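Residue numbers (the working numbering), protein chains in the order written: chain A, 9 to 373; chain B, 23 to 355. All C-beta atoms in this analysis are idealised placements derived from N, C-alpha and C, irrespective of residue type, glycine included. Note that the structure is a prediction, hence the values are computed from the model and not measured. Before any comments, here is the structure.
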Ligand SMILES: [Zn+2]
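Take a look at the structure:
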């Protein structure tokens, strides 16, 4: 339903970017509202756009089941880091823009009746980069999971360690992996979900360590960013390099899961990993996942349109390798289904990478 | 701290900034000096005997990672360390000290041996970064690094990590989780190479020295941050100038730590190790949640936007405080 425009304007301006988003995969112009309603999946080709933390929680958790923990954690500029702009200014700008204090939200909730400890990342906050706060939230999520014997679910969306926190950001790899080792030893399950992108130090710590690793289709997942590679090796990169399917082919991901199946897949896995948690009924006695009217309609609509599957949407053959620069245009986003996750503070913008948001680019950390 | 003040007021003290930058860059160059003593050089000088072990039992042997047993002042230890070459030919063979996943998996294999046979572990860290190429990704470099970090965090034997040269990111940390972390005076430690950091944040690899300074990657800075515990002074112009003296100094420190850690009961040691990393990272905790939410705009505002030509002509997002238009965390250059 694009509005007819006066002819003196250039064609491209027909789509004000805060209303329309171009699908990087099929080039279709999508009305943001529709996109939000369809869980930010392109109705034409199935391309998965990035989700804000709030939208992610709404997608995965049962209605009003989310209880946020540690909302007040905030990074400190321990290094006095200044590049083109002081780090505290960047933090403040990201906070203003997203309504988040940092790039992760954690708490507890229910997935199809199963209680879980959950931590989700938001790429919109400095490229989802991991500094002390993200590391702390992941660690506390693991520690709570251990203390309460709750299965842990972490959804990653990150370019890697946050350069502005230097080696203190690198140390978050050790902090989080240490906590996960304790969880592992205690036999508490951990499901890792990798969304676009999961690179650098986040991939090389908690994201890759799931008892079960899931990934969204075509998500960029890898260790080294393109620039690190370009500086070190001169080599052709294989097609589909560092995409979810590539990782699947090489044995590092159990299942590549369409966003709309994610919730039911996690619930299904939990029925194996957490026997006797009170919601362990035979699958036929319950729907695969709760029916959400909007989601149901859009998924119906999607089934009518053939899914073209993942396409190469990125400029570089390797997808720009790592972090904020990858994945091309993504448009703006805010959560769908407002009111669903309850205590999650306010609304936020989801990842909206531009060519210049680079903080989150994968370090090789 | 001088760096901090300088960093915050760019341009106000150009000369001092310049000096601080060159001093930092000089450190980076020393850490990368081709004549710097490597893992096996140091061991040959400080150990009574050395037995190298090879292979990850799954894929192959990685010459960029040296592992094995050594006897240092009567202590039997397992050692692990990246191994750069002393010349171009050896560097090619050893991939410039950048291990592939099999290197880290070999290291893990030897760590587990050490645990089973009650040997403390000494690691020598000197790596620009784990190998970043496609083979490395295909074989799971991230998985190998994460597993190694996790393993070291719980290994039931004392671990001493020594940053001897370049402590390059995850490829370094994968063998640098320990009960005590020591660095040679001119070693550096960073979350990303200064070149990589400069390329991303300054959009120019020429700013590597600036990035090195901003990341505070020198051993002294890392000591101040609590990431490392001890700095061992290097002789004369640096470790490259006197391998024997460097090894002698390092040996005394390692032996002292082996004695000290050997006296700590294991459960206590493991708790302290967990806490060491658990407490790294700076944050504050406020009771009240949110920062003010991005201002919400009603239908009326959006209709006005539609009708406002100025908006359309910008041709991109990011103008105005619309809730969708988060200001770019980084302004355009
Ligand atoms: Zn599309």
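Unbroken alpha helix (DSSP H) runs of no fewer than 4 residues, entirely contained in the region 220–305 of chain B, are found at 230–237, 241–247, 265–284, 288–300, following chain order. Cβ neighbours of residue 130 of chain B within its own chain (closer than 7 Å, five residues either side excluded): 169, 170, 173.
Put simply, the CB of residue 189 of chain B is near chain A, with a gap under 9 Å to one of its CB atoms.
In this structure, residue 129 of chain A and residue 142 of chain A form a Cβ contact; the two beta carbons are roughly 7 Å apart against a cut-off of 8 Å. Residue side-chain check: residue 54 of chain A places its Cβ nearer than 8 Å to a non-hydrogen atom of ligand 1.
Interface annotation for the region 249–272 of chain B against chain A: 249, criterion Cβ-Cβ distance under 8 Å. Residue 94 of chain B and residue 287 of chain B have their C-alpha atoms roughly 22 Å apart.
From the listed residues A:145, A:177, A:39, A:152, the smallest Cα separation to residue 163 of chain A is found for A:145.
Taking a C-beta cut-off of 9 Å against chain A, the contacting residues of the region 225–248 of chain B are 225, 227, 229, 232, 233, 236, 237, 238, 239, 243, 244, 247, 248, listed in chain order. With a minimum length of 3 residues, the unbroken runs of beta strand (DSSP E) contained wholly in the region 83–158 of chain B fall at 87–94, 97–104, 143–149.
Three or more Cβ pairs drawn from the region 83–90 of chain B and the region 119–129 of chain B lie within less than 8 Å of each other, which places the two stretches in contact. Fewer than three pairs of CB atoms, one per stretch, sit closer than 8 Å, so the region 220–227 of chain B makes no contact with the region 183–203 of chain B. Of all residues in the region 209–228 of chain A, only 209, 211, 212, 213, 216, 217 come within less than 7 Å of chain B when Cβ atoms are compared, listed by chain position. Going by DSSP, residue 174 of chain B is part of the alpha helix (DSSP H) stretching over 163–176. Pairwise C-beta distances place the region 152–161 of chain B out of contact with the region 106–116 of chain B, as fewer than three of them are shorter than 8 Å.
The Cβ neighbour count for residue 41 of chain A, taken over all protein chains shown within 10 Å, is under 16; the residue is labelled exposed. Looking at the DSSP output, residue 211 of chain B bridges to B:189. Here residue 103 of chain A has 109 as same chain residues with Cβ atoms under 7 Å from its own Cβ, once five neighbours each way along the sequence are excluded. Interface annotation, residue 308 of chain B: in contact with chain A, CB-CB separation under 9 Å.
The region 70–105 of chain A is shown to contain whole beta strand (DSSP E) runs of 3 or more residues at 75–77, 81–83, in chain order. Unbroken beta strand (DSSP E) stretches of 3 residues or longer found wholly inside the region 208–258 of chain A: 220–223, given in chain order. Exposure of residue 255 of chain B is indicated by the presence of fewer than 16 other C-beta atoms within 10 angstroms of its C-beta. A direct Cα-to-Cα measurement between residue 151 of chain A and residue 216 of chain A gives close to 18 Å.
Sorting A:86, A:166, A:187 by C-alpha distance to the C-alpha of residue 244 of chain B places A:86 at the top. According to DSSP, residue pairing for residue 118 of chain A in a beta bridge involves A:123.
For residue 127 of chain A, the CB stays at least 8 Å from every heavy atom of ligand 1. Excluding the 5 residues flanking it on each side, residue 125 of chain A has same chain C-beta neighbours closer than 6 Å at 116, 149, 152, 153, 158, 160, in chain order. With a cut-off of 8 Å, the C-beta of residue 224 of chain A is classified as distant from ligand 1, since no heavy atom of the ligand falls inside that distance. By DSSP's assignment, residue 199 of chain A forms a beta bridge with A:161, A:220. By the C-beta density criterion, residue 56 of chain B is exposed, having fewer than 16 other C-beta atoms within 10 angstroms. Classified as buried, residue 208 of chain A has 16 or more neighbouring CB atoms from the shown chains inside 10 Å of its CB.
Chain order gives the chain B residues near residue 231 of chain A as 152, 154, 158, 159, 163, 164, 167, 192, where near means a beta carbon separation below 8 Å. Within 8 Å of the CB of residue 183 of chain A, the CB atoms of chain B belong to 299, 300, 302, 303, in sequence order along the chain.
The beta-carbon separation of residue 212 of chain B and residue 295 of chain B, rounded to 22 Å, does not stay under the 8 Å limit for a contact. Going by DSSP, residue 274 of chain A is part of the alpha helix (DSSP H) stretching over 267–281. Close partners of residue 44 of chain B in chain A (Cβ separation under 7 Å) are lacking, with about 18 Å as the shortest Cβ gap.
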